[in-house]
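At position 167 of the sequence shown the residue is numbered 248 (the numbering used here), and the sequence of numbers has no breaks.
Virtual Cβ for every residue (Gly too), placed ideally from N, Cα, C.
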Amino acid sequence: MVGQLTSGFGPRPNPFGTGVIPDGFTDESELTFHAGQDIAGVPERTPFFAASGGTVRKVNYGGTAGGNGIIVDAGNNTEFWYWHAADGTSKVKAGQTIKAGDELAGVGSTGASTAPHLHFEIHVQGQPVDPLAYMKERGITVGVGGTSNALGASRNESSAAANQGALAVKGPNGTAITFSTEQMSLVATIVSEGKRAGVPTNGLLIALMVALQESGINTYANATVPDSLKYPHIKVGSDHDSVNAFQQRPAAGWGSVKELMDPIYAAQAFYGGKEGPNQGSPRGLLDIPGWEQMNLGEAGQNVQVSAFPDAYEKWQNTAQQLLDSAGGAIPAQCTPGADQPITATDNAETRSKIIEAAKQGVGGSYIWGGTTFHAWDCSGYVQWIYNQAGIKLPRVSQWTVGIKTTTPQPGDLVVQRSGPEHWEHVGIYAGNGQMYSALNPKDRTLLHTTTWESDTEYFKLLK
């Protein structure tokens with residue numbers, strides 16, 4: 082099935098809106114941790130295929146109201162779950178032996194669903210695991226964001242999709258190091274969280290230098306910390322109880338396993354300061370007196386307290402290249418750039434085009450400084466949407482060509498996180514208290530409620 086990877090495994094906003102609990106659920110916590118990977122962007126009844134061979138245990142499980150689930154027993158205490166099949170599309174029967182690539186059913190929107198999509202889970206010993214990480218460890222790389230043959234792609238096709246947005250930079254010895262899209266999303270998270278905390282450029286460099294030395298810019302789970310394997314990760318290590326890109330330890334007080342496996346929390350913990358989650362214990366960078374006067378590697382060592390105190394300094398040039406690629410030195414909302422705007426008449430047809438374009442973007446990767454389809458940041462996404470409707474917007478500060486409104490309509494600009502004469506986040510109003518936005522590297526581009534931030538305002542960009 083060719084589709085778009087949308088909501089991934091792990092914590093997420095409630096897709097139905099904060100406080101909304103649809104039939105079949107008893108608590109909102111069931112909706113704010115996603116136990117699988119969603120694949121969307123295809124017409125209803127599009128066929129989907131088995132990712133693994135095995136014996137079909139359940140077909141149309143739960144019925145229409147429950148999502149018409151299909152469960153395949155792959156052996157070795159492993160099950161593959163496929164949910165939201167359209168009514169009447171199942172091609173297999175309970176007890177049937179199938180092989181990878183066999184057609185199972187067609188994509189639908191049965192059960193608790195906001196739109197047609199396939200929900201894909203893998204359970205090992207009764208516990209859900211990250212499907213993308215599980216498949217990757219077995220030589221199958223599934224593209225993140227954009228269009229990819231999400232189930233059953235050849236390795237070459239999938240690798241090409243996964244490498245969109247990759248970057249090659251020079252390492253300490255002058256040889257090229259290639260960072261994948263996943264890694265560049267992690268770079269974007271580290272940079273964006275630092276900028277949000279008011280960290281100057283040298284502080285961003287220090288964070289990247291530490292992450293380069295500690296993990297090679299990878300979110301690590303830890304084989305000796307089984308809980309860490311439940312959360313999205315790129316690699317698996319085994320050093321003490323260290324996890325994530327900064328190799329922070331739960332036992333050292335950096336946070337819980339769940340918290341530390343969240344790249345946003347990990348970056349916030351590294352930076353620390355008054356807004357940091359640990360309130361100075363352990364100390365983050367901003368908690369170190371005089372860190373601004375230290376050599377960059379020395380400042381990083383003061384946070385990490387490593388047995389190899391001189392290991393960070395060699396990564397400064399590499400970190401600078403990553404920072405440059407992420408737009409880290411730019412003090413503007415999302416990213417830089419400006420164009421002369423071209424406005425359009427406010428009518429139903431134009432607003433419909435804006436919303437349709439916004440829907441096409443759902444599932445796209447958040448790439449700091451990105452402006453291309455499914456590889457953008459928040460303002461890049463908004464600019465792309467309006468461009469599809471024939472409207473040229475500035476690259477950033479898009480509210481400057483609009484008029485503030487307290488009665489937003491679908492297609493209007495949403496601005497959030499106010500700062501001095503600017504807002505840090507933008508999106509497109511979808512109506513009914515929801516918005517489309519490129520939220521962050523973890524959640525990517527999605528439809529979510531406007532209430533995730535309290536200081537929301539709206540601008541009408543159409544004349």
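Answer with buried or exposed for residue 319, where buried requires no fewer than 16 other C-beta atoms within 10 angstroms of its C-beta. It counts as exposed.
Assigned secondary structure, residue 476 (DSSP; H/G/I helix, E/B strand, else coil): Looking at residue 476 - three-state DSSP - the assignment turns out to be coil, as it is neither helix nor strand.
So, at 8 angstroms on beta carbons, what are the nonlocal neighbours of residue 97 in its own chain, with the 5 sequence-adjacent residues on each side left out? If we look at residue 97 and ignore the five residues flanking it on each side, its Cβ neighbours are 103, 112, 193, 195.
Going straight from the alpha carbon of residue 300 to that of residue 427, what length do you get? Approximately 45 angstroms, taken between the alpha carbons.
Can you tell me the Cα-Cα spacing of residue 243 and residue 487, whole angstroms? Interpretation of residue 243 is limited by its pLDDT of 38, a score under 50 that renders its predicted location unreliable; the figure taken from the coordinates is listed afterwards. The straight-line gap from Cα to Cα measures roughly 41 angstroms.
If we call anything under 7 angstroms between Cβ atoms a contact, is residue 41 one with residue 330? As shown, the chain starts at 82 and ends at 544. That puts residue 41 outside it, with no answer to give.
Could you give the distance in angstroms between the alpha-carbon of residue 295 and the alpha-carbon of residue 328? For residue 295 and residue 328, the distance between alpha carbons rounds to 6 angstroms.
Spatial neighbours of residue 531 within its chain, please: CB distance less than 7 angstroms, with the 5 preceding and 5 following residues excluded, ordered by chain position. Here the set comprises 495, 514, 515, 516, 537.
Length of the line joining the Cα atoms of residue 183 and residue 167: Looking at the backbone, the Cα of residue 183 and that of residue 167 are separated by about 17 angstroms.
Just list the residues that DSSP pairs residue 157 with in beta bridges. Secondary-structure assignment with DSSP links residue 157 through no beta bridge to anything.
Per DSSP, residue 139 is paired with what? When DSSP reads this structure, residue 139 sits in a beta bridge with 152.
What are the boundary residues of the alpha helix (DSSP H) that includes residue 436? Element bounds for residue 436: 429-442.
Excluding the 5 residues preceding and the 5 following residue 383 in the sequence, name in chain order all residues of the same chain whose CB lies nearer than 6 angstroms to its CB. For residue 383, the CB contacts under 6 angstroms within the same chain, skipping 5 residues up- and downstream, are 369 in chain order.
From the DSSP output, in three-state form, read off residue 534 for me. Here residue 534 sits in coil by DSSP.
Within this structure, are the beta carbons of residue 348 and residue 270 separated by less than 7 angstroms? A contact, by the Cβ cut-off of 7 angstroms.
Quick one: Cα of residue 108 to Cα of residue 150, how far? Rounded to the nearest whole angstrom, the C-alpha separation of residue 108 and residue 150 is 21 angstroms.
Identified DSSP bridge partners for residue 457: Per DSSP, the beta bridge partners of residue 457 are 447, 452.
Every unbroken alpha helix (DSSP H) within the segment 261-315, with a cutoff of 4 residues, ordered by chain: If we require 4 residues or more, the alpha helix (DSSP H) runs fully inside the segment 261-315 come out as 262-277, 282-296.
Under three-state DSSP, which class holds residue 383? The three-state reading of DSSP puts residue 383 in helix, counting H, G and I together.
Within 10 angstroms of its Cβ, does residue 437 collect 16 or more other Cβ (buried), or is it exposed? By the 10 Å Cβ count, residue 437 comes out exposed.
Would you check if there are 3 or more beta carbon pairs closer than 8 angstroms linking the segment 204-213 to the segment 156-167? Yes: the two stretches touch, three or more of their Cβ pairs being nearer than 8 angstroms.
Rounded separation between residue 540 and residue 511 - CA only: For the pair residue 540 and residue 511, the Cα-to-Cα distance works out to about 13 angstroms.
Helix, strand or coil for residue 246? Go by DSSP, reduced to three states. In this prediction, residue 246 scores a pLDDT of 48, lower than 50, which makes its location untrustworthy; no coordinate-derived value is stated.
Residue 367 vs residue 354 beta-carbon contact at 7 angstroms: Cβ distance < 7 angstroms, so residue 367 and residue 354 count as in contact.
From which residue to which residue does the beta strand (DSSP E) around residue 171 run? Here residue 171 belongs to no beta strand (DSSP E), and DSSP marks it neither H nor E.
Thinking just about the alpha-carbon of each residue, which of 392, 396, 138 is nearest to the one in residue 253? Of the candidates 392, 396, 138, the one whose C-alpha sits nearest the C-alpha of residue 253 is 396.
Cβ-based burial, residue 315 [other Cβ within 10 Å; buried from 16]: Residue burial annotation: residue 315 is buried, with at least 16 other C-beta atoms found within 10 angstroms of its C-beta.
How long is the line joining the alpha carbons of residue 505 and residue 499, rounded to whole angstroms? Distance between the alpha carbons of residue 505 and residue 499 is about 6 angstroms.
How would you call residue 343, buried or exposed, if buried means at least 16 neighbouring beta carbons within 10 angstroms? Counting Cβ neighbours within 10 Å, residue 343 comes out buried, since at least 16 surround it.
Leaving out the 5 sequence neighbours to the left and right, which residues in its chain are closer than 7 angstroms to residue 293 when beta-carbon positions are compared? Closer than 7 angstroms at Cβ, skipping near neighbours: 396, 399, 400.
Could you work out which residue in 179, 178, 169, 249 is closest to residue 189 when comparing CA atoms only? Closest by alpha carbon: 169.
Can you tell me whether residue 512 is helix, strand or coil according to DSSP? Three-state result, residue 512: strand.
Three-state secondary structure (DSSP) at residue 517? Residue state, collapsed to three classes: strand.
Residue 274: buried (16+ other C-beta within 10 angstroms of its C-beta) or exposed? Classification of residue 274: buried, given that the 10 Å Cβ count is 16 or more.
DSSP three-state call for residue 351: helix, strand or coil? When DSSP states are grouped into helix, strand and coil, residue 351 belongs to the helix group.
Helix, strand or coil, according to DSSP, for residue 183 in the structure here? Secondary structure of residue 183 (DSSP, three-state): coil.
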